[in-house]
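Only one structure is covered here, and it is reproduced in the block below.
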Amino acid sequence: MGGPWLQPWWTRTERPFESFIHGDFDRDGDRDLDDYSEWTTHVTGPCAAEPCWPTAYTAPCGNIADCDDDVDVDVHDFGAFQAKFTVLP
Ligand SMILES: [Ca+2]
Ligand SMILES: [Ca+2]
Ligand SMILES: [Ca+2]
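According to this note's numbering, the residues represented by the sequence shown are 74 to 162, in order.
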């Protein structure tokens, strides 16, 4: 496998998982189409009763997609993602 910078950032031990911007999967400071592509892989739909327990997502980076921190990834998270959609020059 390639060097550590070719791996998804959440698998890198030198960058703490706890520090992130919701929706910024590649940690380049924006929420663009690359991030949206990853975001779509974490969609769970809403829980019957929110906040969800157990968590609706099981992937360790599901909380990055969960923009409103209610432990699911649904249309409300999409709205929050869309509102912050940016492309850096
Ligand atoms: Ca990004
Ligand atoms: Ca929700
Ligand atoms: Ca959510």
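Built from N, CA and C at the ideal position, the CB exists for glycine as well.
Here the structure is a predicted model, which means the values were calculated and not measured.
Taking the straight line between their C-alpha atoms, what separation do you get for residue i and residue j?
| i | j | result |
| --- | --- | --- |
| F93 | G118 | 22 angstroms |
| A26 | D145 | This structure cannot settle anything about residue 26, because the visible part of the chain is limited to 74 through 162. |
| D107 | R100 | 11 angstroms |
| D105 | V160 | 6 angstroms |
| D147 | T128 | 13 angstroms |
| E87 | D97 | Low per-residue confidence applies at E87: pLDDT is 45, beneath 50, and the placement is therefore not dependable enough to give any value. |
| P162 | D103 | 10 angstroms |
| T113 | C120 | 17 angstroms |
Can you tell me where the alpha helix (DSSP H) holding residue i begins and where it ends?
| i | result |
| --- | --- |
| E123 | From DSSP, E123 is part of no alpha helix (DSSP H); its letter is neither H nor E. |
| L106 | L106 to W112 |
Would you call residue i buried or exposed, if buried means 16 or more other Cβ atoms sit within 10 Å of its Cβ?
| i | result |
| --- | --- |
| F158 | exposed |
| D142 | exposed |
| W126 | exposed |
| A122 | exposed |
Between the options, which lies nearest to residue i when the distance is taken from Cα to Cα?
| i | options | result |
| --- | --- | --- |
| V116 | Y130, W126 and D105 | Y130 |
| P124 | H149, F154, A132 and S110 | H149 |
Please tell me whether, using a cut-off of 8 angstroms, the distance from the CB of residue i to the nearest non-hydrogen atom of ligand 4 is below it.
| i | result |
| --- | --- |
| H115 | Although ligand 4 was asked about, the structure shown includes only ligand 1, ligand 2 and ligand 3 as ligands. |
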